[in-house]
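J.: Pasting in a structure now, in structure tokens, and then I'll have a few things to ask.
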Amino acid sequence: MSGGGRALGWVAFAALLVGSFAALFIVPADAAQGEVQRILYIHVPSAWVAMLAFFIVFLMSALYLVQRRLRWDLIAASAVEIGVMFTGLTLALGMLWGKPTWGVWWVWDPRLTTTAILFVIYVGYLLVRSVSEDPDQRARWSAVIGIVAFVQVPVVYLSVFWWRSIHQPPSSPRSMASEFFLVLMLNFAAFTLFYIYLMMRRYRLAKMELELELKEPSRE
Amino acid sequence: MNNPFYLVVGFGITWAAFVWYTWRISRRTRAAASELAGRGGDTGRGAAS
Numbered sequence: 001m002s003g004g005g006r007a008l009g010w011v012a013f014a015a016l017l018v019g020s021f022a023a024l025f026i027v028p029a030d031a032a033q034g035e036v037q038r039i040l041y042i043h044v045p046s047a048w049v050a051m052l053a054f055f056i057v058f059l060m061s062a063l064y065l066v067q068r069r070l071r072w073d074l075i076a077a078s079a080v081e082i083g084v085m086f087t088g089l090t091l092a093l094g095m096l097w098g099k100p101t102w103g104v105w106w107v108w109d110p111r112l113t114t115t116a117i118l119f120v121i122y123v124g125y126l127l128v129r130s131v132s133e134d135p136d137q138r139a140r141w142s143a144v145i146g147i148v149a150f151v152q153v154p155v156v157y158l159s160v161f162w163w164r165s166i167h168q169p170p171s172s173p174r175s176m177a178s179e180f181f182l183v184l185m186l187n188f189a190a191f192t193l194f195y196i197y198l199m200m201r202r203y204r205l206a207k208m209e210l211e212l213e214l215k216e217p218s219r220e
Numbered sequence: 001m002n003n004p005f006y007l008v009v010g011f012g013i014t015w016a017a018f019v020w021y022t023w024r025i026s027r028r029t030r031a032a033a034s035e036l037a038g039r040g041g042d043t044g045r046g047a048a049s
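These protein sequences, in sequence, are chains A and B.
Residue numbers are given in this note's numbering: position 140 of the first sequence equals residue 140, and the series is strictly consecutive.
Residue numbers are given in this note's numbering: position 46 of the second sequence equals residue 46, and the series is strictly consecutive.
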């Protein structure tokens, strides 16, 4: 890892610490929902990073199909793994927020259901990668899935507008007090920095694993 | 709705996931680097193009 990458890691770590501290101890509790509303400050940034990661997958998949360079495939695969982790976190945090506010851990609401489908689709992407042993074939299949799967991302975002949903619409400066919004933005920045750091590290690992795969005795 | 359980678990699993995933990448990177070194590789700085 380069010095710049390591520095980014420490900056991201510090930003996450400050963001969590502000969310838990500085910003006041919500008047209606009480303390549990503080989950918003990690739930929404997790969802944002997942969507960002899947957008990167879409872009890199399209680039791969145009240029056929494995670099784009490795970036896409790295982004999927990280996006899946953040989608899983989004779902888990949503359940932890839903139980005390809605009274249930899970409900087949449009936003929750479409997010669960998104999670399954990208887990499927990772499974497809694991069954193919030819890097070019794997990259081709993955790129097609990476492009088609992205259709689900706007569906998740718009689900609260398209269908009757108990999930709240997206947070904005108009829907929340400025001090709440500031802490939310702080966590957005911290999660995004951490995502960039993870991408750099995961991409480097992906390159090394590809090199190892190409050097396997059975290929020589 | 002021039960701290949900907040503790929520922030706890988030931080645990971050630490676990970073550690997992580090462990796999170290393993791949040592295997590449054993095979005379370039430790991942120019494999994909």
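No residue lacks a Cβ here, since even glycine has one placed at the ideal position from N, Cα and C.
Because the structure is a prediction, the values reported are computed rather than measured.
So, are the CB atoms of A:L205 and B:A16 less than 8 Å apart?
T.: Contact: no.
J.: Under three-state DSSP, which class holds A:D134?
T.: Coil.
J.: According to the neighbour-count rule (16 or more other Cβ atoms, all chains shown, within 10 Å of its Cβ), is A:L17 buried or exposed?
T.: By the 10 Å Cβ count, A:L17 comes out exposed.
J.: Classify B:W20 as buried or exposed, calling it buried when 16 or more other Cβ atoms lie within 10 Å of its own Cβ.
T.: Exposed.
J.: Quick check on A:G34 - is its C-beta less than 8 Å from some C-beta in chain B?
T.: Closer than 8 Å to some Cβ of chain B, the Cβ of A:G34 qualifies, so yes.
J.: How would you label A:G124, buried or exposed, when you count the other beta carbons within 10 angstroms and need 16 or more for buried?
T.: A:G124 should be labelled exposed.
J.: May I have the straight-line CA-CA distance separating A:D30 from A:I147, to the nearest angstrom?
T.: Spanning the two alpha carbons is a distance of roughly 39 Å.
J.: Alpha carbons only, please: which of A:L198, A:M208, A:R202 is nearest the one belonging to A:L8?
T.: Minimum Cα distance to A:L8 is reached at A:L198.
J.: Return yes when the Cβ of A:A62 is within less than 8 Å of the Cβ of A:T90, no when it is not.
T.: For A:T90 and A:A62, no; Cβs fall outside 8 Å.
J.: What residues in the region 197-209 of chain A bring their beta carbon closer than 8 Å to a beta carbon of chain B?
T.: Within the region 197-209 of chain A, the residues whose Cβ lies closer than 8 Å to some Cβ of chain B are L198, R201, R202, R204, L205, A206, K207, M208, E209, listed in chain order.
J.: Could you tell me whether the Cβ atoms of A:A23 and A:I42 are closer together than 8 Å?
T.: The answer is yes: Cβ separation under 8 Å.
J.: Of all the options A:A32, A:R38, A:G34, which has the alpha carbon lying nearest to the alpha carbon of A:F21?
T.: When only C-alpha atoms are compared, the closest one is A:R38.
J.: DSSP has A:D30 in a bridge; who is on the other side?
T.: The partner list for A:D30 (beta bridge, DSSP) reads A:G34.
J.: Let's test the definition: count the other Cβ atoms within 10 Å of the Cβ of A:P169 and tell me whether it reaches 16, buried, or not, exposed.
T.: Per the 10 Å Cβ criterion, exposed.
J.: In whole angstroms, what is the alpha-carbon distance linking A:E209 and A:Q152?
T.: Each residue's alpha carbon lies about 29 Å from the other.
J.: Assuming A:L193 contacts A:A53 (C-beta within less than 8 Å), just tell me the rounded distance between them.
T.: About 14 Å separates the two Cβ atoms, so there is no contact after all.
J.: Indicate whether A:V160 and A:H167 have their beta-carbon atoms separated by less than 8 Å.
T.: Yes; because the gap between Cβ atoms is below 8 Å, this pair is in contact.
J.: Where does the unbroken alpha helix (DSSP H) through A:D73 begin, and where does it stop?
T.: Per DSSP, A:D73 belongs to the alpha helix (DSSP H) from 70-102.
J.: Check for me: the alpha helix (DSSP H) holding B:A17 runs from which residue to which?
T.: That run of the alpha helix (DSSP H) goes 4-38.
J.: Given that A:E133 touches chain B, what residues does it touch there, using C-beta distances under 7 Å?
T.: Correct list: empty, because the minimum Cβ distance to chain B is about 17 Å.
J.: In chain order, what residues of the same chain lie with their CB nearer than 6 Å to the CB of A:I82, ignoring the 5 residues before and after it?
T.: A53, L198.
J.: Does DSSP classify A:A177 as helix, strand or coil?
T.: In the structure shown, A:A177 sits in coil (DSSP, three-state: anything other than H, G, I, E or B).
J.: Give a yes or no on whether the C-beta atoms belonging to A:T101 and A:V36 are separated by under 8 Å.
T.: Closer than 8 Å, so yes.
J.: Listing by chain order, which chain B residues have their CB less than 7 Å from the CB of A:R38?
T.: The contacting residues are L7.
J.: Answer yes or no: does any C-beta atom of chain A fall closer than 8 Å to that of B:G10?
T.: Yes, because at least one Cβ of chain A sits closer than 8 Å to the Cβ of B:G10.
J.: At the level of alpha carbons, what is the spacing between A:L126 and A:L112?
T.: The alpha-carbon atoms of A:L126 and A:L112 are separated by roughly 21 Å.
J.: Using a cut-off of 7 Å between C-beta atoms, extract the partners of B:G17 located in chain A.
T.: Note that residue 17 of chain B corresponds to Ala in the displayed sequence, not to Gly. The answer, in chain order, is M85, L89.
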